[in-house]
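Participant:
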Amino acid sequence: MKRLRLIKNILFCLLLGAVGLYLAAYSLWPQTVERYQPYRFYTVLTDSMAPYMPPMSLVLVRQLPADAPLELAPEQIITFRADRFGQRIIQTHRFSHTEWDEELGQTIYRTHPEGTTDLDFYKTTRQDILGVYVFHLPWLGKVMLFLQSPWGLVLLGEQLVIFLVNHLIKARWAEREQQEQKREQPPQAGGSWRFRRGCAPAACSGRWRYTAPKARS
0 MKRLRLIKNI LFCLLLGAVG LYLAAYSLWP QTVERYQPYR FYTVLTDSMA
50 PYMPPMSLVL VRQLPADAPL ELAPEQIITF RADRFGQRII QTHRFSHTEW
100 DEELGQTIYR THPEGTTDLD FYKTTRQDIL GVYVFHLPWL GKVMLFLQSP
150 WGLVLLGEQL VIFLVNHLIK ARWAEREQQE QKREQPPQAG GSWRFRRGCA
200 PAACSGRWRY TAPKARS
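Position 67 of the sequence shown, counted from 1, bears residue number 66 in numbering that gives the first Met the number 0, the numbering being contiguous throughout.
Shown next, in the form of structure tokens:
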């Protein structure tokens, strides 16, 4: 039981550390992390996808390379870059259909918010589409935004250190209690007591020690 508990604690610490390192790496080097795994979390900041997707939802998106073939079904949710009044943003809306844009000379992907068929004014090209929706977790976007902030990373590191120190202290106390229980056990029949003396430079001292009987084969 003690070994199983130790294994569980080690696995939990490794999992917690891996999550912390992943969030820290994604906050500091997002492009490098994206090379090795195709999924990414985004936070919905507005109510344009409500009530299906409330504000501050955490959305998991399967990212698609810009040169990968893309086949979208109507009403499929996608995440894409958009230009809103000169500001580059990341938006998550439903796909409607494709159109040929004479001005751009290429196909654009028309989208719309949840609960309406009014199309967005964005001219979304294939290069703007980041990925397709997988699932979302309501309200957890606040947690992700906080953890990606400098204060969140500091707090996560502190909690990890406190957790590790707490488990080390508990393990040390459990070991000490086990040793105390062994000392308090009554001597077995057939054993013997021996007085062992030890001398230091200043004085000599000693103590009695009990030697348990040897098992017979």
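The beta-carbon is built from N, C-alpha and C at its ideal position, and this holds for glycine as well. The structure displayed is predicted, hence computed values, not measured ones.
For Tyr38, write down the residues that DSSP places opposite it in a beta bridge.
Facilitator: Mapped onto the sequence shown, residue 38 falls at position 39. Partner(s): Arg61.
Participant: Looking at C-alpha atoms only, which residue of Glu179, Tyr108 and Trp138 is the closest neighbour of Leu57?
Facilitator: Taking the sequence shown and counting its residues from 1, one reaches residue 57 at position 58. If we check each option's Cα against that of Leu57, Trp138 comes out closest.
Participant: Glu101 lies in the beta strand (DSSP E); which residues open and close that run?
Facilitator: Along the sequence shown, read from residue 1 onward, the residue named residue 101 stands at position 102. From DSSP, Glu101 is part of no beta strand (DSSP E); its letter is neither H nor E.
Participant: By how many angstroms is the C-alpha of Glu101 removed from the C-alpha of Phe145?
Facilitator: Along the sequence shown, read from residue 1 onward, the residue named residue 145 stands at position 146. Along the sequence shown, read from residue 1 onward, the residue named residue 101 stands at position 102. Roughly 43 Å separates the two Cα atoms.
Participant: Helix, strand or coil for Thr31? Go by DSSP, reduced to three states.
Facilitator: Start at 1 with the first residue of the sequence shown, and residue 31 comes out as number 32. In this structure, Thr31 counts as helix in the three-state DSSP scheme.
Participant: Where are the alpha helix (DSSP H) runs, 4 residues long or more, that stay fully inside the segment 154-180, in chain order?
Facilitator: none
Participant: Mind checking which residues open and close the beta strand (DSSP E) that includes Ala81?
Facilitator: For the purposes of this step, residue 81 is taken as residue 82 along the sequence shown, with counting starting at 1. Counted as a single uninterrupted DSSP element, the beta strand (DSSP E) harbouring Ala81 occupies residues Ile76 to Arg83.
Participant: Below 8 Å on the Cβ atoms is my guess for Thr42 versus Met52; work out the distance and round it to an integer in Å.
Facilitator: Within the sequence shown, the letter at position 43 stands for residue 42. Within the sequence shown, the letter at position 53 stands for residue 52. Contact doesn't hold; Cβ gap of about 11 Å is too wide.
Participant: Between Leu71 and Val133, is the Cβ-Cβ spacing less than 7 Å?
Facilitator: Taking the first residue of the sequence shown as 1, we reach residue 71 at position 72. Taking the first residue of the sequence shown as 1, we reach residue 133 at position 134. No, these two residues do not count as a Cβ contact at 7 Å.
Participant: For the segment 107-120 against the segment 162-179, do three or more pairs of beta-carbon atoms, one drawn from each stretch, fall closer than 8 Å, so that the two count as touching?
Facilitator: no
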